[in-house]
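Q:
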Amino acid sequence: MFGLSFRVQDAVDILVMAFVIYRLMLLVKGTPAAPMAAGVVIVGLAAGAASLLGLHSLNWFFEHLRGVWFIAAIIVFQPELRKALGLLGKNRLVRAVLGRKETTVDVVVNTAFEFAARRVGALLVFERTVPLGNYVERGVRLNGEISRELLGAIFEAHSPLHDGAAIIEGDRVTAAAVMLPLTENPEVAKSRGARHRAALGITEITDAVVVVISEETGRVAIAADGQLKPATGVEDLKASLQDYLKGRL
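Under our numbering, the first residue of the sequence shown is numbered 1, with each subsequent residue one higher.
Given below as structure tokens:
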């Protein structure tokens, strides 16, 4: 009737733009940038109204300030843009396209067996759906991006943080020197050391997954759902962690 046609590409275009706007709203929600974002939306609506209603003076004004607005938006929303780009870089699809070598699981697996070879004891706790904030508060807050160097600095024998566990959320080590509850399962052998009993203890009361490296035997094991099983090698541990943490990293 009005000579308009609606294509599949138009639907895709609208859906993508709606998703981008939604994600941007979530990004600035609760931050100091939220009122400024609302101001930008109001100005955008005013510019659209001026164009639609044929208000030539206002339309000229908005058109000539478009370039200035773009630069101003980059300056004003710099923290939020950096955060958005960081999240984009961590996307699994983007990492696969760019060929990123080491994921969080890779770092933990390789470090675990390096520790095992040198008889360095460690507890690495992965948070899943049950928050571990109460345990984080009991340790030393770090909130550092996970790396072999950081884990090595935490668990080396002379480090003040080597006793206890490190808690991992996503790709960050949120805390170290965390004291975990020991298992109360009477069927656990008395010969199990404190690290293994702590690994079982936290997995009995949360859905965390724990990688434990024995200082005495140099063996690596994984604990989940109150069960402890040995990791026979790098690929075995990696497959187990990827299975437990599917959709979490």
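Think of the CB as a built atom: it goes at the ideal place given N, C-alpha and C, for glycine as much as any other residue. It should be emphasised that the depicted structure is a prediction, and the values quoted were computed from it without experimental measurement.
Cα-Cα, which of Glu215, Val209, Ala175 and Ala221 is closest to Gly144?
A: Cα-wise, what sits closest to Gly144 is Ala175.
Q: State yes or no: is the C-beta of Ser214 within less than 8 Å of the C-beta of Gly121?
A: Cβ atoms of Ser214 and Gly121: closer than 8 Å.
Q: Just mark Ala231 as buried or exposed, buried being the case when its beta carbon has 16 or more other beta carbons within 10 Å.
A: The residue is buried, with at least 16 neighbouring Cβ atoms inside 10 Å.
Q: Residue ranges of each beta strand (DSSP E) run of no fewer than 3 residues wholly in the stretch 171-237, ordered along the chain?
A: For the stretch 171-237, whole beta strand (DSSP E) runs of length 3 or above, ordered along the chain, are 172-178, 209-213, 220-224 and 227-230.
Q: Which word fits Thr206, buried or exposed, when buried means at least 16 other C-beta atoms lie within 10 angstroms of its C-beta?
A: Buried is the call here.
Q: At the level of alpha carbons, what is the spacing between Lys246 and Pro131?
A: Taking the straight line joining both Cα atoms gives about 17 Å.
Q: Provide the residue(s) that pair with Glu137 in DSSP beta bridges, ordered along the chain.
A: DSSP output for Glu137 lists no bridge partner at all.
Q: Which same chain residues end up closer than 6 Å to Ala165 when comparing Cβ atoms and leaving out the 5 residues on each side of it in sequence?
A: Closer than 6 Å at the Cβ level, and outside the excluded window around Ala165, lie Leu123, Val125, Val178 and Leu180.
Q: Does the beta-carbon of Leu15 have 16 or more other beta-carbons within 10 angstroms, so that it is buried, or is it exposed?
A: With fewer than 16 Cβ atoms within 10 Å of its Cβ, Leu15 is classed as exposed.
Q: Kindly give me the distance between the Cβ atoms of Asp225 and Thr203, rounded to whole angstroms, as I take these residues to be in contact under 8 Å.
A: Going by Cβ atoms, the distance from Asp225 to Thr203 rounds to 6 Å, so yes, they are a contact pair.
Q: From Val212 to Arg23, what does the alpha carbon distance come to, in whole angstroms?
A: Whole-angstrom Cα-Cα distance: 37 Å.
Q: On the CB-based measure, 16 or more other CB atoms within 10 Å of its CB, does His158 come out buried or exposed?
A: Result: exposed.
Q: With respect to the beta strand (DSSP E) encompassing Glu169, which residues constitute its N-terminal and C-terminal limits?
A: Per DSSP, Glu169 belongs to the beta strand (DSSP E) from Ala165 to Glu169.
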